[in-house]
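S.K.: Residue numbers 67 to 496, in my numbering, belong to the letters of the sequence shown in order. Each residue gets a CB set at the ideal place from its N, CA and C atoms; glycine is no exception. In this text, all values refer to a predicted model and were calculated from it rather than measured experimentally.
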Amino acid sequence: MDEQKPGTFTVSTPFGDVQLDVRAVTSGTAAMLTRDASTQLMNETKALAEVKDFKSRLDTGIFNSVEVDQLRSDDCLIKGLMYMPGITLNHSDPGVGKSFTALDLAFHVALGRATWCGFRIKRRVRVLYIYSEGGSRLWKRRDAWLTRNAADSTEAAELAEWMHFYPRSVPLTGSESIVDALLERIKNEKYGLIIFDTWATSTTGADENSAGAMGVALERLGRIRDEAEAAILVIHHDNKGGGYRGSTSLDGYVDTRLHTTREGSAADRKIKITIEKQRDDASGIARKGHLDIVSLGVDEDGDPITSVVFVYGEPATSEESPTPAEKRKVFDMQAVAESIWLYIQATANDPDDDAWSSSDIARKPHTSLVGTQAQRKKAIERMKADKVLYLKKCRKTRENGRALPFERLVPCVDAEGRFAQLSKLLESVD
67 MDEQKPGTFT
77 VSTPFGDVQL
87 DVRAVTSGTA
97 AMLTRDASTQ
107 LMNETKALAE
117 VKDFKSRLDT
127 GIFNSVEVDQ
137 LRSDDCLIKG
147 LMYMPGITLN
157 HSDPGVGKSF
167 TALDLAFHVA
177 LGRATWCGFR
187 IKRRVRVLYI
197 YSEGGSRLWK
207 RRDAWLTRNA
217 ADSTEAAELA
227 EWMHFYPRSV
237 PLTGSESIVD
247 ALLERIKNEK
257 YGLIIFDTWA
267 TSTTGADENS
277 AGAMGVALER
287 LGRIRDEAEA
297 AILVIHHDNK
307 GGGYRGSTSL
317 DGYVDTRLHT
327 TREGSAADRK
337 IKITIEKQRD
347 DASGIARKGH
357 LDIVSLGVDE
367 DGDPITSVVF
377 VYGEPATSEE
387 SPTPAEKRKV
397 FDMQAVAESI
407 WLYIQATAND
417 PDDDAWSSSD
427 IARKPHTSLV
437 GTQAQRKKAI
447 ERMKADKVLY
457 LKKCRKTREN
467 GRALPFERLV
477 PCVDAEGRFA
487 QLSKLLESVD
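Pasting the structure below:
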């Protein structure tokens with residue numbers, strides 16, 4: 067080998083050692099070497115910080131079997147259904163009405179209604195609805211819901227503060243910076259419920275059947291859930307077999323999975339929502355509802371404007387002159403009974419309200435009560451027979467000093483357990 071010359075360095079190659087002049091190294095090569103060294107240093111620094119953070123969490127984050135009581139929290143958004151933080155998946159065939167059920171849930175949470183489909187709403191939170199399929203129709207769906215649910219002007223105005231829409235998709239499989247920007251907005255606006263409608267448009271370009279590709283989207287969904295401490299609802303499509311479309315990793319990641327199916331023909335517009343998976347609560351629970359067509363007037367050509375709203379419970383029948391078809395209809399006594407039970411509990415702290423008799427509740431025009439007057443009366447009689455409710459004789463003193471007797475429908479002793487048993491028995495009863 068030749069003697070090393072000053073200002074050179076030796077590089078071994080398959081053809082032997084080669085001496086290179088230091089001055090021949092380009093500025094671009096030097097910059098590349100500097101950049102690589104800088105990147106390596108940043109990665110090593112980040113790894114050390116992550117290890118340090120993990121060790122710190124280990125020091126304070128391991129609990130014995132008694133200390134786990136410290137982890138208790140009231141993390142329900144909708145009791146028995148959705149949690150904060152948590153992820154819920156709702157899937158169905160196209161055209162069944164899953165987006166209408168999601169919109170109905172969102173409005174109930176945003177307005178702080180007492181219940182949704184018989185489940186108690188525990189918190190009122192701000193809602194962000196990421197709606198990527200037909201944003202130009204949102205105004206009709208909003209107006210139809212407000213009309214059908216008898217929302218007053220105050221509630222309509224409150225929605226501007228509590229319910230927000232983003233009528234485009236958010237690509238969860240795109241750049242991490244997109245998730246950073248979304249999280250920043252969620253935290254700034256303090257959204258407690260985020261709805262992705264649909265999962266397909268949120269993962270555009272990725273292979274739905276690939277656990278790897280879906281793993282990236284799910285990891286980012288989990289990051290949004292954890293950092294925002296929010297409830298997340300994902301709307302998804304069915305496959306041909308009736309399950310959800312794509313990788314099975316989705317089912318393993320979510321806390322709750324709902325399956326929305328059509329009951330009867332498409333013309334009946336009846337829907338059943340079944341809890342097919344619950345991580346910590348009971349599964350197999352089903353709720354029935356239907357899609358109502360709501361008229362919104364006419365357009366500039368005089369043609370009718372309509373939209374559709376999801377309504378909990380079976381469609382109401384005409385009590386004055388029922389048709390033969392209406393006489394054959396079956397109503398969901400379970401849904402009616404549960405709405406009465408929850409209404410009585412929600413208004414129990416109003417001692418001045420004497421409009422609690424069987425007839426009063428049966429005809430009460432309250433949006434949280436479902437069913438017709440006759441159906442409510444039938445459900446109340448069943449609840450009284452099963453010792454869930456009873457009529458308590460009360461007296462109320464008027465301003466003129468006269469005592470006015472009245473009857474109030476109140477829960478019996480140990481009614482909670484008896485109602486739970488009754489609710490299981492009440493499927494669809496004539």
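#1: Classify M148 as helix, strand or coil using the three-state DSSP reduction.
#2: Expressed to the nearest angstrom, what Euclidean distance is found between the alpha-carbon atoms of L316 and V454?
#3: Here's a check: name, in chain order, each residue in its chain whose Cβ is nearer than 6 Å to the Cβ of A210, leaving out the five neighbours to either side.
#4: Does DSSP classify N156 as helix, strand or coil?
#5: For N130 and K145, what's the separation of their Cα atoms in angstroms?
#6: I need the boundaries of the beta strand (DSSP E) containing Q344, first residue and last residue.
#7: According to DSSP, simplified to helix, strand and coil, what is D263?
#8: Assuming contact is defined by CB atoms lying nearer than 8 Å, are K459 and P471 in contact in what I supplied?
#9: Would you mind stating whether A168 and D246 have Cβ atoms separated by less than 8 Å?
#10: Within the continuous alpha helix (DSSP H) that includes K354, where are the two ends?
#11: Would L204 pass as a contact of P233 if the rule is Cβ separation under 8 Å?
#12: Is it right to say P477 is buried, meaning 16 or more other beta carbons lie within 10 angstroms of its own, or is it exposed?
#13: Grab me the residues of I337's own chain with a C-beta within less than 8 Å of its C-beta, minus the 5 sequence neighbours each way, in chain order.
#14: Round the Cβ separation of A176 and M229 to the nearest angstrom and send it over; I've been treating them as touching at under 8 Å.
#15: Which of helix, strand or coil does DSSP assign to R442?
#16: DSSP three-state label for C478, please.
#17: What separation, rounded to the nearest whole angstrom, lies between the Cα atoms of G437 and D170?
#18: Between A283 and L248, is the Cβ-Cβ spacing less than 8 Å?
#19: So, for E221: in the same chain, excluding its five sequence neighbours on each side, which residues have a beta-carbon less than 6 Å away from its beta-carbon?
#20: What would DSSP say about S198, mapped onto helix, strand or coil?
#21: Return helix, strand or coil for K393, following the three-state DSSP convention.
#22: Look up S373 in the DSSP assignment and say whether it is helix, strand or coil.
#23: With a CB to CB cut of under 7 Å and the five nearest residues on each side skipped, what residues in its chain are close to D141?
#24: Residue ranges of each alpha helix (DSSP H) run of no fewer than 4 residues wholly in the stretch 241-293, ordered along the chain?
M.R.: According to the structure data:
#1: Within the sequence shown, numbered from 1, the residue matching residue 148 stands at position 82. Three-state result, M148: strand.
#2: Taking the sequence shown and counting its residues from 1, the one referred to as residue 316 is at position 250. Taking the sequence shown and counting its residues from 1, the one referred to as residue 454 is at position 388. Cα to Cα, the separation comes out at about 40 Å.
#3: Looking up residue 210 in the sequence shown gives position 144. The answer, listed in chain order, is V360, S373, V375.
#4: Translated into the one-based positions of the sequence shown, residue 156 becomes position 90. Strand, per DSSP.
#5: Here the question's residue 130 lines up with position 64 in the sequence shown. Here the question's residue 145 lines up with position 79 in the sequence shown. Using only the alpha carbons, I get a separation of about 28 Å.
#6: Locating residue 344 in the sequence shown gives position 278, where the first residue counts as 1. Counting along the chain, the beta strand (DSSP E) containing Q344 begins and ends at 336-344.
#7: Against the sequence shown, residue 263 aligns to sequence position 197. Correct three-state label for D263: strand.
#8: Position 393 of the sequence shown, counted from the start, is the residue given in the question as residue 459. Position 405 of the sequence shown, counted from the start, is the residue given in the question as residue 471. It is a contact, given that the beta carbons lie within the stated cut-off.
#9: Along the sequence shown, one-based indexing puts residue 168 at 102. Along the sequence shown, one-based indexing puts residue 246 at 180. Their beta carbons are not under 8 Å apart, which means A168 does not touch D246 by this criterion.
#10: The residue you call residue 354 lines up with position 288 of the sequence shown. That residue, K354, is in no alpha helix (DSSP H); its beta strand (DSSP E) goes 352-364.
#11: Here the question's residue 204 lines up with position 138 in the sequence shown. Here the question's residue 233 lines up with position 167 in the sequence shown. The answer is yes: Cβ separation under 8 Å.
#12: Looking up residue 477 in the sequence shown gives position 411. A residue is called buried when at least 16 other Cβ atoms come within 10 angstroms of its Cβ; P477 meets this threshold and is buried.
#13: Position 271 of the sequence shown, counted from the start, is the residue given in the question as residue 337. V162, G163, T167, T326, T327, R328, E329, K354, G355, H356, L357, F376.
#14: Position 110 of the sequence shown, counting from 1, holds the residue named residue 176. Position 163 of the sequence shown, counting from 1, holds the residue named residue 229. Confirmed, Cβ separation roughly 4 Å.
#15: The residue you call residue 442 lines up with position 376 of the sequence shown. R442: helix per DSSP, three-state reduction.
#16: Here residue 478 refers to the residue found at position 412 of the sequence shown. Coil at C478, not helix or strand.
#17: The sequence position of residue 437 within the sequence shown is 371, counting from 1. The sequence position of residue 170 within the sequence shown is 104, counting from 1. Rounded to whole angstroms, G437 to D170 spans 18 Å at the Cα level.
#18: Here residue 283 refers to the residue found at position 217 when the sequence shown is read from its first residue. Here residue 248 refers to the residue found at position 182 when the sequence shown is read from its first residue. No, the Cβ-Cβ distance between A283 and L248 is not below 8 Å.
#19: Against the sequence shown, residue 221 aligns to sequence position 155. Sequence-distant partners of E221 (beyond 5 residues in either direction) whose C-beta falls short of 6 Å from its own C-beta, in its chain, are L177.
#20: As a first step, residue 198 is located in the sequence shown; it is residue number 132 there, counting from the start. Looking at S198 - three-state DSSP - the assignment turns out to be coil, as it is neither helix nor strand.
#21: Stepping through the sequence shown from its first residue, residue 393 is reached at position 327. At K393 the pLDDT is 36, less than 50, meaning the model places this residue with poor confidence and gives no usable figure here.
#22: Looking up residue 373 in the sequence shown gives position 307. Strand, per DSSP.
#23: In the sequence shown, the residue the question calls residue 141 occupies position 75. Around D141: Y149, M150.
#24: 242-255, 265-268
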